[in-house]
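These protein sequence lines are chains E and Z, in that order. Using my numbering, the letters of the first sequence map in sequence onto residues 99 to 577. Using my numbering, the letters of the second sequence map in sequence onto residues 99 to 577. Here a beta-carbon is modelled for each residue, glycine too, at the ideal position from N, C-alpha and C. Computed from a predicted structure; not experimentally measured.
2 protein chains.
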Amino acid sequence: MKVSRERWSKEFRDWFRDIIFNSGVYEYRYPIKGVGVWPPYGMKIRRYVLNILKGLLEEKGHEEVLFPTLIPEEFLRKESEHIRSFEEEIFWVTRGGKEALTQRLALRPTSETAIMPVLKLCIKSHTDLPLKIYQVVNIFRSETKAPHPLIRLREVTTFKEAHTAHTTFEEAEKQVREAIEIYAKFFDELGIPYIISKRPEWDKFAGAVYTIAFDTLLPDGRVLQIGTVHNLGQNFSKAFEVTYLKPDGKHEYVYTTSYGISERVIAALVGIHGDDHGLVLPPKVAPVQSIIIPIYYTEEERGRACEEARGIAAELKGKGLRVKVDDRKDITPGEKFYFWEMKGVPLRIEIGPKDLKEGKVTLVRRDSLERWRVRREEVYEEVIKSLNEISKGLRERAWSWFKERIVRVGGLEEADSAIREGKIVEVPWCGREECGFRIEEQLTCKVLGVDINEEENAEGACVICRKDARHYVRIAKTY
Amino acid sequence: MKVSRERWSKEFRDWFRDIIFNSGVYEYRYPIKGVGVWPPYGMKIRRYVLNILKGLLEEKGHEEVLFPTLIPEEFLRKESEHIRSFEEEIFWVTRGGKEALTQRLALRPTSETAIMPVLKLCIKSHTDLPLKIYQVVNIFRSETKAPHPLIRLREVTTFKEAHTAHTTFEEAEKQVREAIEIYAKFFDELGIPYIISKRPEWDKFAGAVYTIAFDTLLPDGRVLQIGTVHNLGQNFSKAFEVTYLKPDGKHEYVYTTSYGISERVIAALVGIHGDDHGLVLPPKVAPVQSIIIPIYYTEEERGRACEEARGIAAELKGKGLRVKVDDRKDITPGEKFYFWEMKGVPLRIEIGPKDLKEGKVTLVRRDSLERWRVRREEVYEEVIKSLNEISKGLRERAWSWFKERIVRVGGLEEADSAIREGKIVEVPWCGREECGFRIEEQLTCKVLGVDINEEENAEGACVICRKDARHYVRIAKTY
Chain E
99 MKVSRERWSK EFRDWFRDII FNSGVYEYRY PIKGVGVWPP YGMKIRRYVL NILKGLLEEK
159 GHEEVLFPTL IPEEFLRKES EHIRSFEEEI FWVTRGGKEA LTQRLALRPT SETAIMPVLK
219 LCIKSHTDLP LKIYQVVNIF RSETKAPHPL IRLREVTTFK EAHTAHTTFE EAEKQVREAI
279 EIYAKFFDEL GIPYIISKRP EWDKFAGAVY TIAFDTLLPD GRVLQIGTVH NLGQNFSKAF
339 EVTYLKPDGK HEYVYTTSYG ISERVIAALV GIHGDDHGLV LPPKVAPVQS IIIPIYYTEE
399 ERGRACEEAR GIAAELKGKG LRVKVDDRKD ITPGEKFYFW EMKGVPLRIE IGPKDLKEGK
459 VTLVRRDSLE RWRVRREEVY EEVIKSLNEI SKGLRERAWS WFKERIVRVG GLEEADSAIR
519 EGKIVEVPWC GREECGFRIE EQLTCKVLGV DINEEENAEG ACVICRKDAR HYVRIAKTY
Chain Z
99 MKVSRERWSK EFRDWFRDII FNSGVYEYRY PIKGVGVWPP YGMKIRRYVL NILKGLLEEK
159 GHEEVLFPTL IPEEFLRKES EHIRSFEEEI FWVTRGGKEA LTQRLALRPT SETAIMPVLK
219 LCIKSHTDLP LKIYQVVNIF RSETKAPHPL IRLREVTTFK EAHTAHTTFE EAEKQVREAI
279 EIYAKFFDEL GIPYIISKRP EWDKFAGAVY TIAFDTLLPD GRVLQIGTVH NLGQNFSKAF
339 EVTYLKPDGK HEYVYTTSYG ISERVIAALV GIHGDDHGLV LPPKVAPVQS IIIPIYYTEE
399 ERGRACEEAR GIAAELKGKG LRVKVDDRKD ITPGEKFYFW EMKGVPLRIE IGPKDLKEGK
459 VTLVRRDSLE RWRVRREEVY EEVIKSLNEI SKGLRERAWS WFKERIVRVG GLEEADSAIR
519 EGKIVEVPWC GREECGFRIE EQLTCKVLGV DINEEENAEG ACVICRKDAR HYVRIAKTY
């Protein structure tokens, strides 16, 4: 995407919509606004992405569960901060058949209030803790803001939410750190760059003691929140009376955390790695890691090229790779190149008459479009090596682009122009809410929060009140 | 379950509720009636069961997709039979936040009406057909009948529904046969016996040309429908105007089918294989296929038994088995036996002082509680052999019990007493609806339909009108 800054925003959004549609990632032509369909290709990417995430969670002892979508109004209202924040965006089921329900049922906007009443029944003693569960579900938010495919949906169909319960606040803190580590590893696997910020008080999750968020940046210069981790303290356990028996025989409320990732991670994958040819998929989540295309002019050449293609496919599949031969007769090799580039297949293997004669194959990398030849016997090693290089290359390219777009400035004017250039800006801030609001107002941006590793680090004066700054606070335009 | 027939019904239901709770298969204490939670252990069983089903579907070219939960009222109403049947049980979303929605949204009771508008956009030509997709989703039915965990739910959280589109009615017929084959294989893998019947006209799926159903029998003598396959003809494609371009340049409506399986398959697994000790899981879907329990009296013995246990576990895991060592210190071996029997682990491996001394281990089969010893070096082969025998044994035991309970009789009185004995009964029937209704009324049972392989096979006279019978029709008490 080499377009001038002024045209970015519009162009990126169009590019994004075209690419997810053309590559088969997401079908957004559903008769409800803000609601879409996962077609087969996108569903496969989703599956591989979720497999990585599930693997990381399970490695750390999280167990998968599945809670209902429907939450009785009474339970949703138990934690007062929570309902206050979600009230405006709850979808309410009010009728069953032709009857009005005696109690309205909410479609979950997130599952804390569905899970807590069950934890209350399951947690008895300190030996039941820590308890670490997760689920992958759909959640619903009757957004008033304009919806955007994969980014701002009214039915989010891919919400991985983890919920944990602990004996002490310190244990919950440790869990927050574990969650951050898991998410960092997850985004690293996908080559998605991020910053980790503690959200300001006014933007934390409703009912949380504090919220940590992972943010990335899309090519249009807007920050996309791609993961959040909440320390919920005893807020929910008190509202739902979830206690445990301590070794000393007393009861205490449990401490809980929750953390979530949605299909926005797929939006980030598409937006960050993609180019004018279409998707560029990290090999780990590519439904087809290598596409083999036989090239021929005569029927005899076709036979030989297809045979060689199938032989190579069998070898690579046997060794665990996801490989496909495109031997369609009705379209040209050029059309096939275009088709599979659009779909983001990391590596193309071409087998033409010259390759066959010389016992070689031609490889083409999707990320760099680099093209080279190797001997037939070396195909497997070369494919493995290239896929690793592609993974690494995508990650490095994305991180270097990202890092260039984080700048630290001292004054409002520089901040304003950096934000208009699509950057994440760090400015000195006194830490007071009113100055935070004024930053957001004056720069039409959002305060992302402060670096979790470097909370009190600022030099100089708050960009608003000019009093001593406590933090560099991160600000940006956001989705 | 050796209980007298008179007490079956009550006892089986209690047994079932206890067992799914105690073994951790399903948590039914959720604050909405007819809605439950999958805890970790049940979730793992669910995962293995779904993996088998997904594998069978994908082998036959079905691709996984994911459609939204929300369906606009207008679309749900397009197929008139369909809405008429579901009208009474749709959950309606009528409010978003504090606003009334301009159009009511249904929570899908099944997804034909969500999928058809998208197929309309995706299917252009005969080359796009056949189209075979499936999804695993939650569906909602505001049932008025008493709910029952895993069997009659208001939020079904595990609905595998496949949807296909074809060029001709014959192709759709072929697809129905393929679906039947897939489901038969699936239930065979789980050792769940079944009969396959063509449902009577009045009990077919709303909007279908005809419905084929898989039924099994639970120990209380009630039939449980565990799978359905619908030939939808052009009913939905006409309602949604889904056409394709034929090679001759004309447009025709596509022919569609759909087929589904729900968590009732887990209810069948539990009910059919379980016993007074708890679950009995077929090895293929057991989260733990073999539990290893070290037995010791002294601390020194403990060390050696645990070491041996871990060694065997490592060996079996390395060879792809799901194995766990229970080395908890705070409970006795007897308590461990009880715990893992309840959870249905197919094979127990005990390692006691005598075993260690003689270089042996003790094996115990969950299904037969048979107990024997083998030499340490033979453990892997013996475990594999036993797991296969258990799979086979469960299937055979279930089928033989099932077959004994299918009887063919000529008159109403015999039919009545067989039904009251908890059997599936085949009676001669003229084929007319009014006689079908009278059978259901007089015997307080349900007509399941006729054998799909033997539609017109009856001898003698219809049990109601005494005119010539066309079919043996299957009847039973049902869930």
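> Are the C-beta of V101(Z) and some C-beta of chain E separated by less than 8 angstroms?
Replying inline: Confidence at V101(Z) is low in this model, with a pLDDT of 38, below 50, so its placement is unreliable and no value can be given for it.
> Quick one: what does DSSP say I237(Z) is sitting in, helix, strand or coil?
Replying inline: Three-state result, I237(Z): strand.
> Where do the N-terminal and C-terminal ends of the beta strand (DSSP E) with S121(Z) fall, by residue?
Replying inline: Boundaries cannot be given for S121(Z), as no beta strand (DSSP E) includes it and DSSP labels it neither H nor E.
> Which residues in chain Z sit within 9 angstroms of R175(E), going by Cβ to Cβ distance?
Replying inline: Near R175(E) there are no residues of chain Z at all, since even the closest Cβ is about 13 angstroms away, more than 9 angstroms.
> If the cut is a Cβ gap below 9 angstroms, which residues of chain E does T80(Z) touch?
Replying inline: This structure cannot settle anything about residue 80(Z), because the visible part of chain Z is limited to 99 through 577.
> By the criterion of Cβ-Cβ separation under 9 angstroms, what are the contact partners of I499(Z) in chain E?
Replying inline: Correcting the residue type first, residue 499(Z) is Trp in the shown sequence and not Ile. What W499(Z) touches in chain E: nothing, since even the nearest Cβ is about 31 angstroms away.
> Roughly how many angstroms separate the alpha carbons of E177(E) and V505(E), rounded to a whole number?
Replying inline: Whole-angstrom Cα-Cα distance: 39 angstroms.
>> Can you pull the chain E neighbours of P90(Z), defined as C-beta to C-beta under 7 angstroms?
In response: Absent from the model: residue 90(Z). The displayed extent of chain Z is 99 to 577, so no value can be given.
>> I need the DSSP call for D373(Z), collapsed to helix, strand or coil.
In response: Under the three-state reduction of DSSP output, D373(Z) falls in the strand class.
> Are three or more beta carbon pairs between the stretch 147-165 of chain E and the stretch 134-153 of chain Z nearer than 8 angstroms?
Replying inline: Taking one beta carbon from each stretch, the stretch 147-165 of chain E and the stretch 134-153 of chain Z have 3 or more pairs nearer than 8 angstroms; the two touch.
> Taking DSSP as the reference, what is the three-state secondary structure of G305(Z)?
Replying inline: Residue state, collapsed to three classes: coil.
>> In chain order, what are the residue ranges of uninterrupted beta strand (DSSP E) at least 3 long that sit wholly in the stretch 227-279 of chain E?
In response: If we require 3 residues or more, the beta strand (DSSP E) runs fully inside the stretch 227-279 of chain E come out as 229-238, 253-264.
> Between the C-alpha atoms of A366(E) and P129(Z), what's the straight-line distance to the nearest angstrom?
Replying inline: Rounded to the nearest angstrom, the gap between the Cα atoms of A366(E) and P129(Z) is 37 angstroms.
>> How far does the beta strand (DSSP E) with T460(Z) in it extend, from its first residue to its last?
In response: That run of the beta strand (DSSP E) goes 458-463.
>> Would you say K196(Z) lies against chain E (beta-carbon separation less than 8 angstroms)?
In response: Yes, K196(Z) lies at the interface with chain E (some Cβ there is under 8 angstroms from its Cβ).
> Which of helix, strand or coil does DSSP assign to D424(E)?
Replying inline: DSSP places D424(E) outside both helix and strand once states are collapsed to three, so it counts as coil.
>> Is there a Cβ of chain E sitting closer than 8 angstroms to that of F338(Z), yes or no?
In response: Output row for F338(Z): interface = no.
>> I'd like to check one pair, I290(Z) with I370(Z): are the Cβ atoms closer than 8 angstroms?
In response: Remark: C-beta atoms of I370(Z) and I290(Z) approach each other more closely than 8 angstroms.
> Taking the continuous beta strand (DSSP E) assigned at R549(Z), which residues delimit it?
Replying inline: Before going further, note that residue 549(Z) is Asp rather than Arg in the sequence given. For D549(Z), the enclosing beta strand (DSSP E) begins and ends at 544-549.
>> Which residues in chain E have a C-beta closer than 8 angstroms to the C-beta of M141(Z)? List them in chain order.
In response: Neighbours of M141(Z) on chain E, chain order: E161, E162, V163, L164.
> Of all the options V254(E), V571(E), G401(E), which has the alpha carbon lying nearest to the alpha carbon of N555(E)?
Replying inline: Of V254(E), V571(E), G401(E), the residue nearest in Cα terms is V571(E).
> From what residue to what residue does the beta strand (DSSP E) around S356(E) run?
Replying inline: For S356(E), the uninterrupted beta strand (DSSP E) segment begins and ends at 353-359.
>> Taking 8 angstroms as the threshold (C-beta atoms), are K272(Z) and L154(Z) in contact?
In response: No, they are not a contact pair.
> What is the C-beta distance between A270(Z) and E179(Z), in whole angstroms, given that I count them as a contact (C-beta under 8 angstroms)?
Replying inline: Contact doesn't hold; Cβ gap of about 17 angstroms is too wide.
> When you compare only the Cα positions, how much space is there between T266(Z) and D346(Z)?
Replying inline: Those two C-alpha atoms are separated by around 14 angstroms.
>> Given a cut-off of 8 angstroms on the beta-carbon distance, is the pair G140(Z) and G122(Z) in contact?
In response: Yes, Cβ-Cβ distance for G140(Z) and G122(Z) is below 8 angstroms.
> Among the residues of its own chain, which have a CB less than 7 angstroms from the CB of S223(Z), if the five just before and after it don't count?
Replying inline: Leaving aside the five residues that flank S223(Z) on each side, the residues in its chain whose CB is nearer than 7 angstroms to its CB run, in chain order, Y342, L343.
> Roughly how many angstroms separate the alpha carbons of V364(E) and Y357(Z), rounded to a whole number?
Replying inline: Note that residue 364(E) corresponds to Ile in the displayed sequence, not to Val. The alpha-carbon atoms of I364(E) and Y357(Z) are separated by roughly 30 angstroms.
> For Y426(Z), which residues from the same chain have a beta carbon less than 8 angstroms from its beta carbon, with the 5 sequence-adjacent residues on both sides left out?
Replying inline: Per the sequence presented here, residue 426(Z) reads as Arg, with Tyr not at that position. Contacts found: K434.
> Leaving out the 5 sequence neighbours to the left and right, which residues in its chain are closer than 8 angstroms to E413(Z) when beta-carbon positions are compared?
Replying inline: Taking C-beta separations shorter than 8 angstroms and ignoring five residues to either side along the sequence, the partners of E413(Z) in its chain run V477, Y478, following chain order.
> Would you report the Cα separation of A496(Z) and V545(Z), rounded to the nearest angstrom?
Replying inline: Their backbone Cα atoms lie some 23 angstroms apart in a straight line.
>> Against E210(Z), what residues of chain E qualify as contacts under a CB-to-CB distance less than 8 angstroms, listed in chain order?
In response: At a beta-carbon threshold of 8 angstroms, none of the residues of chain E lie near E210(Z); the nearest stands roughly 14 angstroms away.
>> Quick check on the burial criterion: 16 or more other C-beta atoms within 10 angstroms. Buried or exposed for Y430(E)?
In response: It should be pointed out that residue 430(E) corresponds to Thr in this sequence rather than to Tyr. Counting of Cβ neighbours within 10 angstroms places T430(E) among the exposed residues, the total staying below 16.
> Nearest chain Z C-beta to F189(E) closer than 8 angstroms, yes or no?
Replying inline: Taking Cβ atoms only, chain Z reaches closer than 8 angstroms to F189(E), which makes this a yes.
> How big is the Cα-Cα spacing for N486(E) and L330(Z)?
Replying inline: When rounded, the distance between both Cα atoms is 48 angstroms.
> beta strand (DSSP E) containing Q201(Z): first to last residue?
Replying inline: Looking at the DSSP string, the run of the beta strand (DSSP E) that includes Q201(Z) is 197-205.
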